[in-house]
Amino acid sequence: MEKTEYFIAKTFANLEPLLAEELTALGARNCQIMSRAVAFEGDMAMMYRANYFCRTALRILWRQSKFNFLNNRQFYDQIFNFPAEQFLREDGTMVVHATMSDTIFKTPLFAALLAKDAICDRFRDLYGIRPSVDKEDPDVQFTLHIYRNEAQLFVDSSGESLHKRGYKVSNHPAPINEVVAAAMIQLSGWHGECDFIDPMCGGGTLLVEAAMRALNIPAGFYRRDYGFMHWKNFDGDLWKSVRREAKIREDVPVNFYGSDINGRFLDIAETNVIKARLQDFVTLERKDIADTKPARTPALVMMNPPYGERLQVRDLQELYASIGTTLKHRYAGCRAFVISSDKDALNAIGLRPSLKKTLFNGAIECRFQGYELFDGDRREYAKNKKPKE
Ligand SMILES: C[S@@+](CC[C@H](N)C(=O)[O-])C[C@H]1O[C@@H](n2cnc3c(N)ncnc32)[C@H](O)[C@@H]1O
Numbered sequence: 060m061e062k063t064e065y066f067i068a069k070t071f072a073n074l075e076p077l078l079a080e081e082l083t084a085l086g087a088r089n090c091q092i093m094s095r096a097v098a099f100e101g102d103m104a105m106m107y108r109a110n111y112f113c114r115t116a117l118r119i120l121w122r123q124s125k126f127n128f129l130n131n132r133q134f135y136d137q138i139f140n141f142p143a144e145q146f147l148r149e150d151g152t153m154v155v156h157a158t159m160s161d162t163i164f165k166t167p168l169f170a171a172l173l174a175k176d177a178i179c180d181r182f183r184d185l186y187g188i189r190p191s192v193d194k195e196d197p198d199v200q201f202t203l204h205i206y207r208n209e210a211q212l213f214v215d216s217s218g219e220s221l222h223k224r225g226y227k228v229s230n231h232p233a234p235i236n237e238v239v240a241a242a243m244i245q246l247s248g249w250h251g252e253c254d255f256i257d258p259m260c261g262g263g264t265l266l267v268e269a270a271m272r273a274l275n276i277p278a279g280f281y282r283r284d285y286g287f288m289h290w291k292n293f294d295g296d297l298w299k300s301v302r303r304e305a306k307i308r309e310d311v312p313v314n315f316y317g318s319d320i321n322g323r324f325l326d327i328a329e330t331n332v333i334k335a336r337l338q339d340f341v342t343l344e345r346k347d348i349a350d351t352k353p354a355r356t357p358a359l360v361m362m363n364p365p366y367g368e369r370l371q372v373r374d375l376q377e378l379y380a381s382i383g384t385t386l387k388h389r390y391a392g393c394r395a396f397v398i399s400s401d402k403d404a405l406n407a408i409g410l411r412p413s414l415k416k417t418l419f420n421g422a423i424e425c426r427f428q429g430y431e432l433f434d435g436d437r438r439e440y441a442k443n444k445k446p447k448e
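In terms of this note's numbering, the sequence shown opens at residue 60 and continues consecutively.
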């Protein structure tokens, strides 16, 4: 049996329970929710699986050692004794990052430099060479978490953040982060049972994430590179067998509709949809949201309107009021979800939300709101929704 290893999967604030659910479903053991992270146990296949399948993880760190230290010398010795040559080739490149609080070091940079020196000195003793540091594109990324006199040394198995799925060839100026888009879809409770509509689709992130989910396409399906592929101990056969676990559907009985008022942004969406080979599923059209309506109901409507931060809008209140009017009069029978950082603008939608959640689109704090859209009077709707006695 493979050894049980300890990992930390990182994510955005408030997505930890979703990530823990995903990890558990993939077979992770002892999932523990932390702040912006989930700790779990498993083997090397589980580490590959988490990188490939988790839609709400940003990176997967594999813990190599945990030790106490009282001074610089003890810290250096502990890192020196760590067999970094399991991961780093003699001619490989590396970087060390550190985060810390309430400890003896003045800065995390100093702790990272000391650790880097320890690894380099070990290589000099073993092979007569010192590995080079590459901050941009290292073969191995070491991460240190230091709290008081305890340090944990991790290797970063993901490399570039996992929100970089590999289907974005062209970038919208104000995109929703792919991990947040996947989380919004997960939170909406939609599993591909009805059409999915994004009437402000920009570069098409929500559409691609929704289609990937409905077709069961793994989060990392389009991505070619992961940190662990550059390690000396990379197991290509195991990686291949993990990828073969994917059970991709060839077809789904629902459609994906995206529209945007800006033709240039629609071109971006089209390029991304084609890169993801989803053009048979996704229909794109240039339209003002006020002119859209569902092809059939029920449908799931999800959008990420401009916040007025990265995309300038003449009158944000007016735009959001028009979103509310359109949803109320044209999308009866659907469920709608809107994410925005502007609370006043969200209030201008003028509909009572059935769900409110704080999410972070990268560094931007946002409110994610859900609406049940019904014909006519809310009380009448609630009465009809109640089970008949
Ligand atoms: C924040 S961006 C969406 C980004 C998208 N979620 C992505 O990840 O690329 C908001 C989009 O709303 C579009 N938009 C603004 N006003 C609109 C309107 N009245 N009708 C339709 N789309 C509109 C903008 O052109 C922009 O592409």
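No residue lacks a Cβ here, since even glycine has one placed at the ideal position from N, Cα and C.
S220 has its alpha-carbon roughly 17 Å from the corresponding atom of M153.
For T264, the shortest C-beta to heavy atom distance toward ligand 1 is below 7 Å. The beta carbon of L297 sits closer than 8 Å to those of M103, A104, Y107, all from its chain and outside the five residues before and after it, given in chain order. As for any beta strand (DSSP E) of minimum length 3 sitting wholly inside the segment 153 to 234, the runs are 199 to 206, 209 to 215, ordered along the chain. When distances are taken from the beta-carbon of H231 to the heavy atoms of ligand 1, the shortest one is below 7 Å. No Cβ-Cβ contact shorter than 8 Å links R88 with K69.
Each of G367, C113, T342 was checked against the Cα of E237, and the nearest Cα belongs to C113. Between A328 and G263, the gap from beta carbon to beta carbon is short of 8 Å. In the three-state scheme derived from DSSP, where H, G and I count as helix and E and B as strand, K69 is classed as strand. For Q91, the enclosing beta strand (DSSP E) begins and ends at 88 to 93. Secondary structure of S413 (DSSP, three-state): coil. Judged by DSSP in its simplified three-state form, E81 adopts helix. For G251, same chain residues with a beta-carbon under 7 Å away, outside a window of 5 residues either side, are R272, A273, V311, V313 in chain order. Residue state for K62 is assigned as coil, using DSSP reduced to three classes. Looking at the DSSP output, I256 shares a beta bridge with Y316, V360. Not one heavy atom of ligand 1 sits closer than 7 Å to the Cβ of F164. Annotated three-state conformation of E377 is helix, per DSSP. Judged by DSSP secondary structure, N331 falls within the alpha helix (DSSP H) whose first and last residues are 322 to 334. Look at the beta carbons and you see the segment 313 to 323 touching the segment 347 to 360: at least three pairs across the two are nearer than 8 Å.
Under the three-state reduction of DSSP output, S247 falls in the helix class. With a threshold of 7 Å, the Cβ atom of N321 counts as near ligand 1, since some heavy atom of the ligand is closer than that. Listed in chain order, the beta strand (DSSP E) runs fully inside the segment 96 to 136 are 96 to 101, 118 to 127, counting runs of at least 3 residues. DSSP lists F419 as the bridge partner or partners of E424. A Cβ-Cβ separation of about 6 Å places R118 in contact with D215 under the 8 Å criterion. Taking every protein chain shown into account, the CB of E268 has 16 or more other CB atoms within 10 angstroms, so this residue is buried. Burial state of H204 is buried, judged by a 10 Å Cβ sphere holding 16 or more other Cβ atoms. V397 carries a strand assignment under DSSP once its states are collapsed to helix, strand and coil.
At a threshold of 7 Å, L359 does not count as near ligand 1, since its beta carbon sits no closer than that to any of the ligand's heavy atoms.
Pairing G261 with E75, the inter-Cα distance amounts to about 27 Å. In the structure shown, L343 adopts extended strand secondary structure according to DSSP, grouped into three states. Just measuring C-alpha positions, the residue of S399, S229, G187, F182 sitting nearest T330 is S229. Linking E64 to W121 through their CA atoms gives a straight-line distance of about 8 Å. DSSP, read as helix, strand or coil, puts E75 in helix. With a 10 Å radius around the Cβ and a threshold of 16 neighbouring Cβ atoms, R132 comes out exposed.
Around the beta carbon of I67, a 10 Å sphere encloses 16 or more other beta carbons of the protein chains shown; the residue is thus reported as buried.
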